[in-house]
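Notes follow the structure.
Protein chains in written order, with UniProt numbering: chain Z, 1 to 185; chain C, 1 to 278; chain X, 1 to 567.
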C-alpha cells in the first residue's frame with residue numbers, strides 16, 4: 001500500500017475511531033460512584049485501535065472522542081484529562097510493532113508484556129500527569145486529584161486488561177490464514 | 001445529524017450566528033485558557049457575565065440546554081463537595097490568612113471565608129466556559145467546524161478526521177442500537193439489573209461486532225476518499241468555509257482586550273490569585 | 001477507427017492474500033459512449049475487474065499483475081490513483097461509505113475541495129449538478145435524512161462534478177428498493193446520453209439493469225470472460241442460468257410457454273418483445289397450467305390487535321394495526337422505508353412497548369414477557385450477519401445463546417451439533433468465522449437462533465446483496481428448516497423475487513397500518529399498492545397486460561409455481 005493511501009486510512013481510522021469512542025463513552029460507561037471515574041469500555045477499545053492503526057490514529061481518536069463527549073455531557077472539556085487520554089492512546093500505539101497483531105500470532109508472553117506496559121502507561125498518565133496537571137492548572141487540592149487519579153488508574157488498567165486483552169485476542173484470531181482448514185466428519 | 005449529537009445547532013439570525021466558526025473557536029479557546037489559569041474572582045465573574053449576555057443575545061432557549069444544565073450542576077456540586085472534604089483548609093493555605101466562620105484553623109474540618117472564596121473560584125472555573133461552549137455548539141453549523149479548525153491552523157487531515165467523526169457518530173450509534181438489540185434478543189444482559197461482570201461480558205458481546213463492522217467501514221471510506229483525491233495536495237479548500245467580516249475583526253479585538261486584562265491582572269495580583277484578605 | 005477508452009490486454013491479477021489468480025487473461029475493450037454491464041456470480045471476479053478500472057488495484061489492494069490495462073491512454077499500474085480518478089468516477093456499492101460529507105452539498109464538492117478549487121466555483125458546480133440530479137432541495141440535508149436512491153444520486157453528483165468520462169457503478173442495485181432501482185437505471189441511461197458518458201455497471205441482476213438500455217453484456221466466471229456480446233445475443237441463448245445468473249423472468253416464461261426467443265424481436269425489454277405467437281401461446285399455457293392451493297393454515301400463532309405506537313410525543317408510527325400470522329406460514333412484510341416495518345418487529349420482540357393494543361402469541365398475552373422471555377419464542381435475524389456474530393468459531397457462536405441458559409455441557413453439545421447438521425455447518429464447526437463466506441455466515445446466524453428453539457423467525461432482508469446461487473441456497477435451506485421444525489417465518493424484504501418464490505402471503509404496510517394482505521402475485525399486480533410500497537412492476541405483469549391475459553395475478557402465480565416445481 002502506498003504512503004498516501006496509508007495517510008488517508010489514518011485520517012479515516014481517527015475519525016471513525018473517535019466516533020466509536022464517543023458512542024462507547026456515551027452508552028456503555030459503568031459508573032463507580034467516584035466522580036469522573038467509570039469502568040470505561042472505550043478505554044478497552046483503545047489498545048485494539050492502537051494495535052491496528054498506530055499511535056497517531058489512536059491518540060487523536062481518543063482525544064477527539066473524549067473532548068466531544070465532554071462537550072456534550074459537561075458543556076466544556078476537562079482538558080487535562082482529555083490530553084492525558086490522548087497521550088495514553090499514543091503510548092499504546094507505540095507498542096504496535098511489538099504486538100504485530102496483523103500476523104495473527106499473539107502469544108501469551110506478548111499479552112503479558114503488553115499488560116505490564118499498559119499498567120505502567122496508565123500509572124504515568126493517571127497518577128502522575130493528570131493530577132499534576134489538575135493541580136497546576138485548576139489548583140485543586142492534591143488529596144482529591146490523587147485519589148481520583150489512583151481510582152482512574154486502577155479502573156482503566158482493569159478495563160484494558162479485561163476488555164482490551166479480549167478484543168486483541170479475538171481480533172488476532174480473525175487474522176488466521178484460511179489454508180489449513182479441513183472439514184471434519 | 002446535529003440534532004442527536006449536539007444539544008442541537010439551530011439556524012437563527014443573530015450576531016453570534018453570523019460570526020465565522022473560526023472566530024468563535026478562537027474566542028472559546030483563548031477565553032478558556034485565560035480563565036483556566038487565572039484565579040481572579042472578579043475577572044472570572046466578568047467572563048461569566050459576559051458569556052451569559054452573549055448567550056442571551058444568541059436567543060438560545062433554556063429548554064434547548066436544560067438537560068446539559070442538570071448534568072453540569074450535579075457535576076459541579078459533587079466536585080466542590082470533594083474539594084472541600086479532602087482539604088477544608090486549602091483556602092487558608094492559599095490566601096495565607098484566616099477569617100473563620102466555623103471552627104478554628106487547627107481543626108481539620110473548619111470553614112473560613114478564604115475557603116468559601118476558593119470554592120467559589122472553583123465553581124466559577126467549572127461553569128464559566130459552559131455558556132461559551134454552548135454558544136459555540138449551538139450557533140456553529142457542524143459542517144463549518146472542520147473548515148474552522150483548518151483555518152485556525154490545525155492540519156486539514158486532522159480537521160477532516162473531526163468531520164468524519166461528526167459524520168459517522170449517528171451511523172455508529174445506529175449500528176450500536178441494532179447490534180445491542182440483537183444480542184439482547186439472544187439473552188445477553190447489559191441493563192442495570194445485571195452485575196458488573198455480566199455487563200462487561202454483554203458489552204464485549206456488543207462491541208465486538210460493532211468494531212468489526214466499523215473496521216470494514218474504515219477500509220471502504222478510505223477508498224472512497226482516495227478515489228476522490230483526498231490527500232492529493234498539501235492544502236485543500238472548504239465548501240463551508242466562511243470569510244472574516246467586519247464583525248469578526250471586532251470580535252477579535254474584544255477577545256484580545258479580555259485576554260490582555262487577564263494577563264495584566266497577574267501583574268496587579270502578583271500571581272494567579274486575587275487576594276481580598278490583605 | 002475509434003480508440004477504446006478502456007482496454008485490457010491479456011490481463012491477470014492475483015491478490016497477495018489468495019493462492020490463485022482472481023482475473024485470468026482478460027481481453028476487453030470498452031469504447032467511448034458505451035454502456036457496458038459486467039455480470040457474474042459472487043466470486044467471478046467482476047468487482048475485481050472494476051477495481052482495476054478505477055485503480056484501487058494495484059494501489060489499494062496489493063497483488064501481482066500481468067498483461068496490461070489502459071484507461072484513457074494511461075497504464076493503470078503506472079498511474080497514480082489520483083490521476084486515474086479524473087478519468088473514472090466510481091460509485092461504490094455502500095452509499096454510506098461513499099458519503100463522507102456532513103451534508104449533500106459538501107459531499108458533492110468533496111473532490112473539488114481536494115483539488116483546491118475556489119469556493120465560488122464549487123458553489124457553481126454543485127448547483128449545476130444538483131439541478132441535473134434533482135437534488136436542489138436536499139443540499140443542506142445530512143446523509144441520515146435522505147433515502148438510498150437520493151444517496152446514490154449524491155454519489156453520482158460527487159463524481160460527475162469532476163467531468164470524468166467514465167462512470168463506474170459497483171452493484172448499484174444492492175442497496176435500493178425496486179422502485180428506486182428502476183429509477184436509478186433510467187437516470188443512468190438518460191445521463192449517459194446527455195453527457196455522452198461511458199458507463200460500466202457491475203451487477204448480477206440483469207433484468208433490472210436492462211432498463212438502462214445497455215449496449216453490451218460481459219459475463220465473467222471464475223475470473224474469465226465467458227460471454228461478451230450485445231445483450232440480445234446473450235439473452236437469446238440459454239447461457240445465463242448456467243453461469244449462475246438469473247434470466248429475466250419474461251424470457252423464462254416465454255420459453256416455458258414454448259416460444260423460441262430466437263424467433264422474437266426486440267427482446268431487450270418486456271415492454272418491447274414481439275412475436276405474433278406470444279399472445280396465443282401465453283393464453284393457452286396459462287389455461288393449461290394448474291394452481292395447487294396450499295392447505296390454509298388456520299392455527300393463530302401471532303396476533304396483533306389494534307396496535308398503536310408513537311416515539312415520544314410524535315405521531316403514531318404504528319396506527320391501529322391488526323394482523324394474524326398462522327402457524328407454519330412464511331409471509332413477507334413489505335413497505336417503504338420508514339413505514340414502521342422495523343418498529344413493528346421491535347414491538348413483537350419486546351424492545352418497544354405498544355401505547356395501546358394487544359400482542360398475543362399462541363393465545364398468550366405477551367405484555368408481561370421480557371425481551372429475554374420473548375426471545376425463547378421469537379428469533380430475530382439481522383440483515384448483516386457481521387452485526388450479529390461475536391464469537392470467533394462456528395461452534396462457539398452457535399452455542400453462545402445456550403451457554404447463557406446454564407444448561408449442561410453435554411446437552412449443549414448435542415443440541416448445537418444437531419442444529420449444525422441441519423444447517424450444513426457441522427463439518428465446519430471448528431472453523432474461524434472469518435474463513436466463512438457471507439452466505440455461510442448468514443447460516444451461522446440462523447443456526448445460532450434456531451438452537452434456541454423458537455417457534456417463529458423474523459428475518460430482515462435475508463437475501464440482500466446475494467447473487468442468484470447464494471439466494472437460492474439460503475432460501476431453500478430456510479424452506480427446508482421451516483418444514484422440518486414447523487417454523488413460522490416473517491421476512492421483511494424489498495426483494496420481489498423472494499416474495500413471489502418463497503412466501504405464500506404478503507403484508508403491505510403503509511403509514512403504520514396494513515394496506516393489503518394477500519398473495520404475493522395479487523400484491524405485485526396491484527398498481528397503486530406497488531407505488532405506495534416502493535415496489536416495481538414485474539416483467540411478468542407487463543407481459544400479462546400487453547398480451548391481454550385475462551388475469552395477471554393468476555398468470556404470475558402459475559408461472560411461479562411451475563418454476564418452483566422445476567427446482
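Cβ coordinates follow ideal geometry from the N, Cα and C atoms, glycine included.
Here the structure is a predicted model, which is why all the values come from computation and not from measurement.
Let me make sure I understand the geometry here. Which of the options has the alpha-carbon closest to that of residue i?
i: residue 540 of chain X; options: X/39, X/269 and X/53; result: X/269
i: residue 105 of chain Z; options: Z/18, Z/175 and Z/28; result: Z/175
i: residue 303 of chain X; options: X/61, X/323 and X/217; result: X/323
i: residue 200 of chain C; options: Z/58, Z/173, Z/144 and Z/161; result: Z/161
i: residue 87 of chain X; options: X/544, X/341 and X/199; result: X/199
i: residue 146 of chain C; options: C/274, C/89, C/173 and C/21; result: C/21
i: residue 8 of chain X; options: X/449, X/28 and X/409; result: X/28
i: residue 72 of chain X; options: X/515, X/58, X/6 and X/95; result: X/6
i: residue 133 of chain C; options: C/267, C/245, C/29 and C/278; result: C/29
i: residue 236 of chain X; options: X/321, X/209 and X/273; result: X/273
i: residue 331 of chain X; options: X/133, X/523, X/530 and X/39; result: X/523
i: residue 163 of chain X; options: C/94, C/232 and C/228; result: C/228
i: residue 375 of chain X; options: C/234, C/135 and C/183; result: C/183
i: residue 81 of chain Z; options: Z/99, Z/124, Z/116 and Z/115; result: Z/124
i: residue 24 of chain Z; options: Z/43, Z/145 and Z/72; result: Z/43
i: residue 515 of chain X; options: X/17, X/503, X/532 and X/500; result: X/532
Name the two residues that bound the continuous alpha helix (DSSP H) containing residue i.
i: residue 84 of chain C; result: 62-86
i: residue 267 of chain X; result: Segment: none, residue 267 of chain X is in no alpha helix (DSSP H) and carries neither H nor E.
i: residue 18 of chain C; result: 15-18
i: residue 556 of chain X; result: 552-566
i: residue 482 of chain X; result: 468-485
i: residue 156 of chain X; result: 148-160
i: residue 175 of chain C; result: 156-184
i: residue 151 of chain Z; result: 142-159
i: residue 309 of chain X; result: Premise fails: residue 309 of chain X lies in the beta strand (DSSP E), 300-310, not in any alpha helix (DSSP H).
Mind reading off the beta-carbon distance from residue i to residue j? Whole number of angstroms is fine, and I expect it under 8 angstroms.
i: residue 215 of chain X; j: residue 36 of chain X; result: 7 angstroms
i: residue 267 of chain X; j: residue 232 of chain X; result: 5 angstroms
i: residue 47 of chain C; j: residue 128 of chain C; result: 5 angstroms
i: residue 14 of chain Z; j: residue 61 of chain Z; result: 5 angstroms
i: residue 165 of chain C; j: residue 19 of chain Z; result: 5 angstroms
i: residue 446 of chain X; j: residue 423 of chain X; result: 7 angstroms
i: residue 157 of chain X; j: residue 139 of chain X; result: With a Cβ gap of about 10 angstroms, residue 157 of chain X and residue 139 of chain X do not count as contacting.
Between which two residues does the beta strand (DSSP E) holding residue i run?
i: residue 533 of chain X; result: Per DSSP, residue 533 of chain X belongs to no beta strand (DSSP E) and is neither H nor E.
i: residue 506 of chain X; result: 505-510
i: residue 14 of chain X; result: 6-15
i: residue 578 of chain X; result: Limits of chain X in this structure are 1 at one end and 567 at the other, which puts residue 578 of chain X out of reach.
i: residue 380 of chain X; result: 378-381
Using a C-beta to C-beta distance shorter than 7 angstroms, which residues of chain D count as neighbours of residue i?
i: residue 136 of chain X; result: Although the question refers to chain D, the structure presented lacks it and instead comprises the protein chains Z, C and X.
At a CB distance below 9 angstroms, what residues from the segment 225-244 of chain C approach chain X? Give them in sequence order. So the close ones are 225, 226, 227, 228, 229, 230, 231, 232, 233, 235, 236, 237, 238, 239, 240, 241 and 243.
Between the segment 113-122 of chain C and the segment 53-70 of chain C, can you find at least three pairs of beta-carbon atoms closer than 8 angstroms? With a cut-off of 8 angstroms, the segment 113-122 of chain C and the segment 53-70 of chain C do not count as touching, because too few Cβ pairs lie within range.
Scan the segment 118-148 of chain C for residues whose Cβ lies nearer than 7 angstroms to a Cβ of chain X and list them as they occur along the chain. Hits within the stretch, in order: 142 and 143.
Cβ-based contacts, 9 angstroms cut-off: residues of the segment 426-451 of chain X near chain Z: The segment 426-451 of chain X vs chain Z, Cβ under 9 angstroms: 426, 427, 428, 429, 430, 431, 432, 433, 434 and 435.
Output, in sequence order along the chain, the residues in the segment 107-139 of chain Z whose CB is closer than 8 angstroms to any CB in chain C. If the cut-off is 8 angstroms between Cβ atoms, the segment 107-139 of chain Z has 137, 138 and 139 near chain C.
Got a sec: which bits of the segment 387-399 of chain X sit with their beta carbon under 9 angstroms from any beta carbon on chain Z, in order along the chain? Those residues of the segment 387-399 of chain X that come within reach of chain Z (Cβ to Cβ, closer than 9 angstroms) are 390, 391, 392 and 393.
Using a Cβ-Cβ cut-off of less than 8 angstroms, give me the residues of the segment 113-128 of chain X that come near chain C, in sequence order. Near chain C, meaning a CB-to-CB distance below 8 angstroms, the residues of the segment 113-128 of chain X are 113, 114, 115, 116, 117, 118, 119, 122, 123 and 126.
In the segment 80-95 of chain Z, which residues sit with their C-beta less than 7 angstroms from some C-beta in chain C, listed in chain order? Listed in chain order, the positions of the segment 80-95 of chain Z with a beta carbon within less than 7 angstroms of a beta carbon of chain C would be empty, since no residue qualifies.
Residues of the segment 82-108 of chain C whose Cβ lies closer than 7 angstroms to any Cβ of chain Z, in chain order: Taking 7 angstroms as the upper bound on Cβ-Cβ separation, chain Z lies near residues 82, 83, 86, 87 and 90 of the segment 82-108 of chain C.
What are the residues of the segment 465-476 of chain X that lie near chain C, defined by any Cβ-Cβ distance shorter than 8 angstroms? Of all residues in the segment 465-476 of chain X, none comes within less than 8 angstroms of chain C when Cβ atoms are compared.
Closer than 9 angstroms between beta carbons: that is the criterion. Which residues of the segment 206-224 of chain C meet it against chain X? If you check each beta-carbon in the segment 206-224 of chain C against every beta-carbon of chain X, the ones closer than 9 angstroms belong to 206, 207, 208, 209, 210, 212, 213, 216, 217, 219, 220, 221, 222, 223 and 224.
Contact between the segment 525-545 of chain X and the segment 230-250 of chain X: three or more CB pairs below 8 angstroms? Yes, they touch.
Touch test, the segment 102-113 of chain X against the segment 137-157 of chain X, Cβ-Cβ under 8 angstroms, three pairs minimum: Judged by Cβ distances under 8 angstroms, the segment 102-113 of chain X makes contact with the segment 137-157 of chain X, as three or more pairs qualify.
What are the residues in the segment 138-153 of chain X lying within 7 angstroms of chain C by C-beta distance? Those residues of the segment 138-153 of chain X that come within reach of chain C (Cβ to Cβ, closer than 7 angstroms) are 142 and 144.
Please confirm if the segment 45-64 of chain Z is in contact with the segment 245-261 of chain C, defined as three or more CB-CB distances below 8 angstroms between the two stretches. Judged by Cβ distances under 8 angstroms, the segment 45-64 of chain Z makes no contact with the segment 245-261 of chain C, as fewer than three pairs qualify.
Contacting positions in the segment 365-377 of chain X - beta carbon closer than 7 angstroms to chain C: Of all residues in the segment 365-377 of chain X, only 371, 372 and 375 place a beta-carbon less than 7 angstroms from a beta-carbon of chain C.
According to a CB-to-CB cut-off of less than 7 angstroms, which residues of the segment 53-81 of chain X neighbour chain C? Only 54, 56, 60 and 81 from the segment 53-81 of chain X bring a Cβ to less than 7 angstroms from some Cβ of chain C.
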